[in-house]
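To start, the structure under review is shown below, and the notes come after it.
Numbering (the working numbering), first residue to last: 84 to 286.
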């Protein structure tokens, strides 16, 4: 009977020891898993392409669009080309026919024509996604795109589109201080078309 009791006690001790070792091993493994650092995620940074130089009259052509740079000028009153004055009265709806800069400012007005070469309707806001004028290298001014629309004179790029094989005249308007108009310092405009920048030197 004493032998049986010793055997039972020994079995209990062995079982208890095995359970403790198993729990200790599991805890150690869990701790190791918690402290093991995960590899950091790497974000691929696309290298910015250098701007391509363009001149007035140049045509930028992609798979879905063709953009022609027609002229650049300073303007205090931008009017749609198709609007003709008759006895000092403009034909069409007055609202939207003109764009005026704020007092003390002038527009750099870049006239372009855009044609849809794709198979689907092309939103005007996707033709030139950004236009920025740089004066003397440091001072920069963001522009906006106004689209000529027969019913209103001008419409906004995000509300209008071009059907397949059709084209529209558009105006890139960049409001700058009047002093830039007479300045002799370098002035250029960067246009972004399909993730590629194109640089037009104004002077």
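Where is the CB? At the ideal position from N, CA and C, for every residue including glycine.
Keep in mind it's a predicted model, so treat the numbers as computed, not measured.
Check, Outcome
"On the criterion of 16 or more Cβ atoms from any shown chain inside 10 Å, does residue 216 qualify as buried, or is it exposed?", "buried"
"Could you please give the first and the last residue of the uninterrupted alpha helix (DSSP H) stretch that includes residue 261?", "261-265"
"Quick check: is any heavy atom of the ligand MN less than 7 angstroms from the C-beta of residue 251?", "The ligand MN is not part of the structure shown, which contains no ligands of any sort."
"Ends of the beta strand (DSSP E) at residue 191?", "188-199"
"Whose C-alpha, out of 202, 205, 261 and 161, is nearest the C-alpha of residue 227?", "161"
"Quick one: residues in its chain with C-beta nearer than 8 angstroms to the C-beta of residue 287, no 5 flanking neighbours on either side, listed in chain order?", "No answer is possible for residue 287: it lies beyond the span of the chain, which begins at 84 and ends at 286."
"Rounded to whole angstroms, what's the CA-CA distance from residue 208 to residue 282? Just pull it up for me.", "19 angstroms"
"Alpha carbon to alpha carbon, how far is residue 202 from residue 168? Give it in angstroms, no decimals.", "Unreliable placement is indicated for residue 168, whose pLDDT of 49 sits below 50; the coordinate value is still reported in the next sentence. Computed Cα separation, rounded: 37 angstroms."
"Under DSSP, the beta strand (DSSP E) around residue 286 begins and ends at which residues?", "Neither: residue 286 is in no beta strand (DSSP E) and is coded neither H nor E."
"CA-CA distance, residue 189 and residue 158?", "6 angstroms"
"Taking only three categories from DSSP, how would you classify residue 209?", "helix"
"Thinking residue 199 and residue 247 are a contact (beta carbons under 8 angstroms), I'd like their distance in whole angstroms, please.", "5 angstroms"
"To which residues of the same chain is residue 243 closer than 7 angstroms at the C-beta, ignoring the five residues directly before and after it?", "207, 230 and 232"
"Can you tell me the Cα-Cα spacing of residue 196 and residue 136, whole angstroms?", "18 angstroms"
"Is the beta carbon of residue 254 less than 8 angstroms from the beta carbon of residue 192?", "yes"
"Hey, out of 260, 213, 263 and 194, whose CA is closest to residue 138's CA?", "194"
"Under 8 angstroms by Cβ, that's how I've got residue 134 and residue 273 pegged, so tell me the actual separation to the nearest angstrom.", "6 angstroms"
"Could you check what DSSP says for residue 270 in three-state terms: helix, strand or coil?", "strand"
"On the premise that residue 258 lies in contact with residue 224, defined as a C-beta separation below 8 angstroms, what is that separation, rounded to the nearest angstrom?", "7 angstroms"
"Would you mind reading off the limits of the beta strand (DSSP E) that contains residue 232?", "227-232"
"Please classify residue 178 as buried or exposed, where buried requires at least 16 other C-beta atoms within 10 Å of its C-beta.", "Confidence at residue 178 is low in this model, with a pLDDT of 41, below 50, so the placement of that residue should be treated as unreliable; the coordinate-derived value is given next. Exposed."
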